[in-house]
Structures are given as C-alpha cells and as structure tokens.
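Counting from 1 along the sequence shown, just add 743 to a position and that's the residue number in our numbering.
The beta-carbon is built from N, C-alpha and C at its ideal position, and this holds for glycine as well.
Read the structure below first, then the notes.
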Amino acid sequence: MLAAAACTNVIPVSYVSIDPENMEMAPGEVRSLSVTVYPDNATNREIEWSTDDPSMSVIALSDQTVKAIAPGTATVKIRSVSSGLLAFCHITVVKKGPEMVDMGLPSGIKWADRNLGADDPQQVGSLFAWGETKARESFSLDNYSMWDGSVYTAYNNVNATERLLPAHDAAAAELGDKWRMPVFAEILELLINCNAKWGMVYGVEGAEIHGNGNSESIFIPVTGKIGDYNWDTKVSNELNKDLPVALFWSASKVDAGLESNDFAVSGMGANPREAHTEFAFNYTLLPRCFGLPVRPVYGDLPVAVTGFKIDRETLELNVGQTEDIHYQFSPDNCTYKFLFVDSSEPGIISYGEHYGYVTVRGQYPGSTELLFECQEDPVLSKTCRITVKPE
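Take a look at the structure:
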C-alpha cells in the first residue's frame, strides 16, 4: 500500500513597503518605521533590516527605530527573506536652527527656544568666547582672539558701553537674517517683564522663564556651578560655590567700574537658593575670554541710549518739603529707558518714580546722594546731592 505524500501550498510574499519612504530628522531625534508585508497570510513574512551606514555615523537602527546621530544622509533597507523584495527609507539628518518664541515683550523681540548649537532646549549647545564666532572647548586669555598678550585689540574702551558688531556676533554669523545676540537692555527687558522659576525639564536643571501675559516660555539650561566661574568673590564663597547657574552671553560690554576690560561683559545668570525653593535671576559680569553659550534673539537692533541728564545736581529741602527732579534720555526714540534710582543714605529722603521725573521728600536732617542709574549704559548715570535741613 502506497502512502500519499501531503502537499503543502506555499504562499509567497508579493509586496513589501516601509513608511515613511523619506524622512528628515534632527540630531538626537528618534523615529519609528512601520512595515507592510502582503499578503497577510504569506508563508514566510520574515524581514531583514539593514542600513548603508553600518558605522552609525549618521543614524543608528534598532528594532524598527531610527535615531539620528549627526548631519548627513543614510538609507534604511528592508528585504523579504522569502521573496527578496526590497523597500527603502531615505533619511536626511539636518541640524535645525532655533525657533522663535514670543515672550510678550514690549519691544516685540523674539527669543530663541534654545542655545546656539543645541539640538533641543535642554542642551547647553556650543560655547563661545565673547566676540568670537567659532565654537571651541578650551578657553583662556591666552587663546582669546581679541588679546595680543598685553592688551585687548577690540572693544577696548574701558569707560564705555560697546555692542558687538555683526562680524563678531556668533548668532548673526551662524543664523543670518535678523538673528543676533541680545544686547544688555534686552536681557533687562526679559528680567523686568517675565516670571521665572528654577526647575527640571526632561531631567535637566535650569531656569524656566515664562512670558509676559501669554503661555509661552523658554528654558535656560544649567551651564555649570558658581565655583566654576568664580567671577565674584562675594558670590563664590564656600557657602554657595556649588550652586548651579544658567548663563549666556549678551552682545554688550558695559563699564564695570573696574578700570579694566577683563570683566566688562554682561551675561545673565540664575541660581537657586535655599535648597532650590527660590532663586536669583539677574545679569552678571564675566571675563570676556570665558566660554559661554549664546541664546539668540530675533528682531531689529534696538536704538541705543547715547545720553542721559537730570535737571539739577544739588538740591536743598526742608523736612516735609517735596521737589521734582526731571530726567531725560536721548535720543528721544531710544528703545529702552531703564532707570534705577537709589539713595546712599536711606531714611533721609523718600522718593517716588514717575515717567520723566522723580519726586523727592525730605524726611530727616542730613545729606544723601540720589543715584540715577541709566541701566543700559551705567557710564551715563547721574547723581544729585541732596541736603535736608531741619524745620
């Protein structure tokens, strides 16, 4: 008796595809690919995966997931083991620039959502010495391009506020259009008009700055610890030297009253206090040869303050008497008119700030100096000597 051999019907794979077929990614981005094998009841649906970038210099492939490594092009190939049919996904990895964030500021200036050279808002990005447009990793006065071994070769007016020219602006050089580094006054505008808190974003510590009257925000990631910079011995003491700070350069060099250009550059810093329950959020001064990130802004360059005056430099008051001291910025169309008023002897006078003038009232007999500080350019600041006489 003959046994009949069983016949097995093989159902071949007739079609394979990969989705998407073309994809643009940024370094660090992770995307999943999907595969279609037809028919659903094919006998052998096994798929082989490969890439023309085995060294993983552009992409890394694992379990249908692609991670972008660095700018370049690469192709992912799938092959049906049973039929040999092929499908491809062509990938281009590009370094994407920052996006504009409207923080609701009076000037209309837009801030970048990330530091220059960063792939996402949580990265520190590239580091630059002030006034240099090429990023590097090692920083000292000896390798600073604007130092010849004895003097600074550019932006070397000690008693003046100076702005970087576009040729020395890292953001302008790399991004073009109206992208540039913020000037000192624009950092002040951000400080005055926005709210900030110290926090964690995707596991990265830093300053979250929330827009003025809107839901937008930017994040300034930690760049180091106070002790790493050591620019101010009053700050960098043993008590708080290990506190983290978030910093970036401005495009302004301001007179620091130091009779030197070493510490004449304004940056912005934020560091938490009291076990991260609150933090200071303001600007600081750093040596210009230091390596810091750049946070670009987008918009026309503001009209700078070139002059500031008050209508009296001395004033005599009786106790209880009030007088107005008028002040004026020039030119009239300067973009920012930030003024800080402070008395050297608190209690002798009281004062109230108004647009264009300050009202002063004699409180107790004595003398004091009332400082009118033009914050955009401290060199322009004025002082009124006030004497309060007994009734």
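Test item: CB-CB of M924 and W854 under 8 Å
Numbered from its first residue, the sequence shown carries residue 924 at position 181. Numbered from its first residue, the sequence shown carries residue 854 at position 111. Against a cut-off of 8 Å, the Cβ pair of W854 and M924 comes out as no contact.
Pull up the CB-CB distance for S825 and P782, whole angstroms please, since I reckon it's below 8 Å.
Indexing the sequence shown from 1 puts residue 825 at position 82. Indexing the sequence shown from 1 puts residue 782 at position 39. So it is not a contact: roughly 12 Å between Cβ atoms.
Thinking C-alpha only, which one of D796, T835, P864 is nearest P1036?
By one-based count along the sequence shown, residue 1036 stands at place 293. The option with the nearest alpha carbon to P1036 is P864.
Cross-strand partners of G1105 (DSSP beta bridge):
Locating residue 1105 in the sequence shown gives position 362, counting from the first residue. According to DSSP, G1105 bridges with I1092.
What three-state label does DSSP hand L1114 in the structure shown?
In the sequence shown, residue 1114 corresponds to position 371, counting from 1. Strand, per DSSP.
Status (buried if at least 16 other CB within 10 Å, exposed otherwise) for N1061
Counted from its first residue, the sequence shown places residue 1061 at position 318. Result: exposed.
Could you round the C-beta distance between I812 and I802 to whole angstroms and report it? I think they count as a contact, below 8 Å.
Taking the sequence shown and counting its residues from 1, one reaches residue 812 at position 69. Taking the sequence shown and counting its residues from 1, one reaches residue 802 at position 59. That pair is a contact at about 6 Å.
Applying the 10 Å Cβ sphere with the 16-neighbour rule, what's the burial state of Y887?
By one-based count along the sequence shown, residue 887 stands at place 144. With 16 or more other Cβ atoms within 10 Å, it is buried.
Work out the CA separation of R906 and T876 for me, nearest whole Å.
Taking the first residue of the sequence shown as 1, we reach residue 876 at position 133. Taking the first residue of the sequence shown as 1, we reach residue 906 at position 163. Between T876 and R906, the C-alpha separation is close to 15 Å.
Is the separation between the beta-carbon of C1127 and that of I1053 shorter than 8 Å?
Numbered from 1 along the sequence shown, position 384 holds the residue referred to as residue 1127. Numbered from 1 along the sequence shown, position 310 holds the residue referred to as residue 1053. Yes, the pair counts as a contact, with Cβ atoms nearer than the cut-off.
Cβ shell of F1051 (< 6 Å), same chain only, five flanking positions each side left out
Looking up residue 1051 in the sequence shown gives position 308. Cβ within range, chain order: F1072, C1117, L1123.
Could you please give the first and the last residue of the uninterrupted beta strand (DSSP E) stretch that includes I761?
As a first step, residue 761 is located in the sequence shown; it is residue number 18 there, counting from the start. Taken as a continuous stretch (DSSP letters only), the beta strand (DSSP E) holding I761 covers 758-762.
Straight-line Cα distance separating T904 from D1075
As a first step, residue 1075 is located in the sequence shown; it is residue number 332 there, counting from the start. As a first step, residue 904 is located in the sequence shown; it is residue number 161 there, counting from the start. Cα to Cα, the separation comes out at about 19 Å.
Classify I1129 as buried or exposed, calling it buried when 16 or more other Cβ atoms lie within 10 Å of its own Cβ.
The residue labelled residue 1129 in the question sits at position 386 within the sequence shown. It is buried - the Cβ of I1129 has at least 16 other Cβ atoms within 10 Å.
Near Y1132, which residues of its chain fall below 8 Å by C-beta distance, leaving aside the five closest residues on each side in sequence?
Here residue 1132 corresponds to residue number 389 of the sequence shown, with the count starting at 1. Going by the sequence as given, residue 1132 is Lys instead of Tyr. The residues are E1059, L1060, N1061, V1062, G1105, P1108.
How would you call G954, buried or exposed, if buried means at least 16 neighbouring beta carbons within 10 angstroms?
The residue given as residue 954 occupies position 211 in the sequence shown. Burial call: buried.
Do the region 839-853 and the region 926-943 touch if we need at least three Cβ pairs shorter than 8 Å?
yes
From N787 to G771, what distance separates their C-alpha atoms?
Reading the sequence shown from its first residue, position 44 is the one you call residue 787. Reading the sequence shown from its first residue, position 28 is the one you call residue 771. For N787 and G771, the distance between alpha carbons rounds to 35 Å.
Check whether the region 958-968 touches the region 890-900, taking contact to mean three or more Cβ pairs, one atom from each stretch, closer than 8 Å.
no
Helix, strand or coil at L1035 [DSSP, three-state]
The sequence position of residue 1035 within the sequence shown is 292, counting from 1. The answer is strand: DSSP assigns L1035 an E or B state.
Could you name each continuous beta strand (DSSP E) segment of 3 residues or more that falls completely within the region 1054-1091, going from the start of the chain to the end?
1057-1061, 1065-1073, 1082-1086
Measuring straight from C-alpha to C-alpha, what distance separates W922 and G840?
The residue you call residue 922 lines up with position 179 of the sequence shown. The residue you call residue 840 lines up with position 97 of the sequence shown. Between W922 and G840, the C-alpha separation is close to 11 Å.
Sequence-distant residues of its chain with Cβ nearer than 8 Å to G967 (five each side left out):
By 1-based counting over the sequence shown, the position of residue 967 is 224. Closer than 8 Å at the Cβ level, and outside the excluded window around G967, lie P987, V988, L990.
Tell me the rounded alpha-carbon separation between C1077 and A1047.
Residue mapping note: residue 1077 aligns to position 334 of the sequence shown, counting from 1. Residue mapping note: residue 1047 aligns to position 304 of the sequence shown, counting from 1. Straight-line Cα distance between these residues: approximately 6 Å.
Where does P1129 fall in DSSP's three states?
Position 386 of the sequence shown holds residue 1129. Going by the sequence as given, residue 1129 is Ile instead of Pro. The answer is strand: DSSP assigns I1129 an E or B state.
Confirm, please, whether the CB-CB distance from D912 to A785 is below 8 Å.
Taking the first residue of the sequence shown as 1, we reach residue 785 at position 42. Taking the first residue of the sequence shown as 1, we reach residue 912 at position 169. No, they are not a contact pair.
Buried or exposed (CB count within 10 angstroms, at least 16 for buried), A910
Counting from 1 along the sequence shown, the entry for residue 910 is found at position 167. So A910 ends up on the exposed side.
What is the rounded straight-line gap between the Cα of G827 and the Cα of I852?
Counted from its first residue, the sequence shown places residue 827 at position 84. Counted from its first residue, the sequence shown places residue 852 at position 109. Each residue's alpha carbon lies about 57 Å from the other.
Taking the Cβ atom as the reference point for each residue, do S869 and E932 lie within a distance shorter than 8 Å?
Locating residue 869 in the sequence shown gives position 126, counting from the first residue. Locating residue 932 in the sequence shown gives position 189, counting from the first residue. Not in contact: S869 and E932 (Cβ atoms no closer than 8 Å).
Sequence-distant residues of its chain with Cβ nearer than 7 Å to G942 (five each side left out):
As a working note, residue 942 is residue 199 in the sequence shown. So the list reads E951, once near-sequence residues are dropped.
Between Y1100, D1085, I1092, which lies nearest to I1068 when the distance is taken from Cα to Cα?
To locate residue 1068, count along the sequence shown from 1; it is residue 325. Checking every option, the nearest Cα to that of I1068 belongs to Y1100.
Contacts around R857, its chain only, beta-carbon distance under 6 Å, and the 5 residues preceding and following it disregarded:
As a working mapping, residue 857 is identified with position 114 in the sequence shown. Cβ within range, chain order: P841, P864.
Where does the unbroken beta strand (DSSP E) through F962 begin, and where does it stop?
Locating residue 962 in the sequence shown gives position 219, where the first residue counts as 1. From DSSP, the beta strand (DSSP E) with F962 extends over 960-964.
If you run the structure through DSSP and keep just helix, strand and coil, what is N899?
Taking the first residue of the sequence shown as position 1, residue 899 is located at position 156. N899 falls in the coil class under three-state DSSP.
State the DSSP-derived secondary structure class of E789, mapped to helix, strand or coil.
The sequence position of residue 789 within the sequence shown is 46, counting from 1. Coil at E789, not helix or strand.
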